[in-house]
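Peer 1:
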Amino acid sequence: MKIVELDANDATQVEELFTLQQEVHAADCPDNPVPLREDFLGSVRNPPPDGRFERLVAWRDGRLAGALTLVLPEVDNRHLALAEIQVSPSHRRRGIGRTLLERACRLARENGRRDLLAAAIGPVPGGAARNGAAAGFVTAAGFSVALESVRRRIDLTAVDAAAEQRLLDQCLSHAIEYESLGWTGLTPDDLAGGVANLVNRLNLDAPTGELDIEPETIDADRLHTHERNAIERHTQLVGTAARHRNTGEVAAITLLNVRSAGDHGSVTLTIADPKHRGHRLGMIVKIEIHRLVRRAFPRLRYIQTGNATANAHMNAINEQLGFAAYETNTLYQLAL
Ligand SMILES: CC(C)(COP(=O)(O)OP(=O)(O)OC[C@H]1O[C@@H](n2cnc3c(N)ncnc32)[C@H](O)[C@@H]1OP(=O)(O)O)[C@@H](O)C(=O)NCCC(=O)NCCS
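Going by the numbering used here, the sequence shown opens with residue 4, and the numbers climb by one from there.
This is the structure in structure tokens:
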């Protein structure tokens, strides 16, 4: 086996890596949205800002048999590294994953990182079929569970419009001091500062389990830089907010990514400012975004969201809206 850095300018290598992603998707989670070539090429050539992406590929018998993506945050959380390893189904249980993980640990240490994180999907009762490979793999390498979370998805075409309207009306009666706003593309300038503040609150307010993680320090400029980068990678952005009428404060938001094709979107985050809780704003922004999505992206059928198992309030809102759990997505951590 030969492990080399991915040459992002080598079209054959990049295409082999895309084929690997397709094989892994088909073997491990075929009901999840299929990898899209456009989106994949965008992520290789133009990765998100604020971090370095190291990509190694493992060659065996003339085929690209495995890959490591190591994300090294460069602005916040510089003590962390995040590893994603994929091994072709026809090359598993031969130590390729373990060798790539050893390289990830070495690279992370060389870059002064204290903890290595890795995510593992697994089954939930009544959900999609999932193997336990990822959990078995990271546990064997000495990782421990840092944050248990569950992914849920909703089929927007199965939503009862009249029931949704009743729920919205009930919630709005608790929120007369707030107005609802929605947008597609970049967050509007007059909301960007408030939205950035709430994004930063996420690591403070949402359950983080055993994760060794710091709040981010995003401002309006950084938020827009991230958003422009996502748009350049062909991701479409949607957001809704509840704004306090008297103070103009952004009180709650939910943000969504829509892929360049297909019928899936995914929630980036939903959060209400602790100062403004108790007004059903979480539910309101979520219903409003479903309505906006139906108007702006009629091709979209499913929305996926991931939340910590311990986040009882958010999970209750999602279940009430019609989201159903289909897989776990557990974050594991290894002290380096
Ligand atoms: C998880 C994955 C990367 C493992 O790759 P691999 O090359 O088969 O792993 P290795 O052969 O190096 O296995 C190392 C050890 O991990 C554990 N392991 C690997 N696959 C396992 C499985 N299916 N069930 C239980 N334990 C497993 C075993 O202890 C194994 O040692 P052993 O074979 O001597 O018993 C691969 O299954 C994969 O690509 N899955 C989809 C992507 C993914 O979920 N990645 C998450 C990790 S970031």
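No residue lacks a Cβ here, since even glycine has one placed at the ideal position from N, Cα and C.
Could you check the C-alpha separation between residue 77 and residue 275 for me, to the nearest Å?
Peer 2: Residue 77 and residue 275 have their C-alpha atoms roughly 27 Å apart.
Peer 1: Roughly how many whole angstroms lie between the Cα atoms of residue 96 and residue 68?
Peer 2: 12 Å
Peer 1: Among 101, 266 and 225, which has the Cα closest to the Cα of residue 89?
Peer 2: 101
Peer 1: Cα-Cα, which of 302, 32, 57 and 306 is closest to residue 290?
Peer 2: 306
Peer 1: Can you name the start and end residues of the alpha helix (DSSP H) that residue 109 belongs to?
Peer 2: 99–113
Peer 1: CB residue 229 to CB residue 51, shorter than 9 Å?
Peer 2: yes
Peer 1: Would DSSP call residue 56 helix, strand or coil?
Peer 2: strand
Peer 1: Would you say the beta carbon of residue 155 comes nearer than 8 Å to a heavy atom of ligand 1?
Peer 2: Residue 155 Cβ: outside cutoff for every heavy atom of ligand 1.
Peer 1: Work out the CA separation of residue 92 and residue 18 for me, nearest whole Å.
Peer 2: 17 Å
Peer 1: Which residue's Cα is closest to the Cα of residue 44: 10, 31 and 66?
Peer 2: The shortest C-alpha separation from residue 44 is found at 10.
Peer 1: Tell me the DSSP bridge mates of residue 278?
Peer 2: For residue 278, which the question treats as bridged, DSSP gives no partner whatsoever.
Peer 1: Any heavy atom of ligand 1 closer than 8 Å to the CB of residue 34?
Peer 2: In this structure, the C-beta of residue 34 stays at least 8 Å away from each heavy atom of ligand 1.
Peer 1: What residue from 55, 339 and 57 has the CA that sits closest to residue 215's CA?
Peer 2: 339
Peer 1: Between residue 167 and the rest of its own chain, which residues show a CB-CB distance below 7 Å, the 5 nearest in sequence each way excluded?
Peer 2: 290
Peer 1: Does the beta-carbon of residue 237, which I'm using as the reference point, lie nearer than 8 Å to any heavy atom of ligand 1?
Peer 2: no
Peer 1: How long is the line joining the alpha carbons of residue 150 and residue 317, rounded to whole angstroms?
Peer 2: 16 Å
Peer 1: What does a CB cutoff of less than 6 Å around residue 114 pick up in its chain, not counting 5 residues either side in sequence?
Peer 2: Excluding its 5 nearest sequence neighbours in each direction, residue 114 has C-beta neighbours in its own chain below 6 Å: 75, listed in chain order.
Peer 1: Should residue 48 be labelled buried (16 or more other beta-carbon atoms within 10 Å of its own) or exposed?
Peer 2: Counting the other CB atoms within 10 Å of its CB gives residue 48 a total below 16, which places it among the exposed residues.
Peer 1: By how many angstroms is the C-alpha of residue 98 removed from the C-alpha of residue 300?
Peer 2: In a straight line, the C-alpha of residue 300 is about 43 Å away from that of residue 98.
Peer 1: Could you tell me if residue 268 is buried or exposed, where buried requires 16 or more neighbouring beta carbons within 10 angstroms of its beta carbon?
Peer 2: buried
Peer 1: Determine the direct distance from the alpha carbon of residue 103 to that of residue 53, and round the result to whole angstroms.
Peer 2: 24 Å
Peer 1: Please tell me whether residue 171 and residue 287 are closer than 9 Å, where the distance is taken between their beta carbons.
Peer 2: yes
Peer 1: Let me know if residue 7 comes out buried or exposed under the rule of 16 or more other beta-carbons within 10 Å of its beta-carbon.
Peer 2: exposed
Peer 1: Going by DSSP, which residues form a beta bridge with residue 263?
Peer 2: Note: residue 263 sits in no beta bridge, so no partner.
Peer 1: Near residue 238, which residues of its chain fall below 6 Å by C-beta distance, leaving aside the five closest residues on each side in sequence?
Peer 2: 260
Peer 1: So within the region 4–60, which uninterrupted alpha helix (DSSP H) runs reach at least 4 residues, ignoring any that extend past its ends?
Peer 2: 14–31 and 40–48
Peer 1: Please confirm whether any heavy atom of ligand 1 lies closer than 8 Å to the CB of residue 140.
Peer 2: Within 8 Å of the C-beta of residue 140 there is at least one heavy atom belonging to ligand 1.
Peer 1: Name the two residues that bound the continuous alpha helix (DSSP H) containing residue 149.
Peer 2: No alpha helix (DSSP H) holds residue 149; the beta strand (DSSP E) holding it covers 147–150.
Peer 1: Measure the CB-CB distance between residue 196 and residue 223 and report whether it falls below 9 Å.
Peer 2: yes
Peer 1: Who pairs with residue 66 in a beta bridge, going by DSSP?
Peer 2: 63
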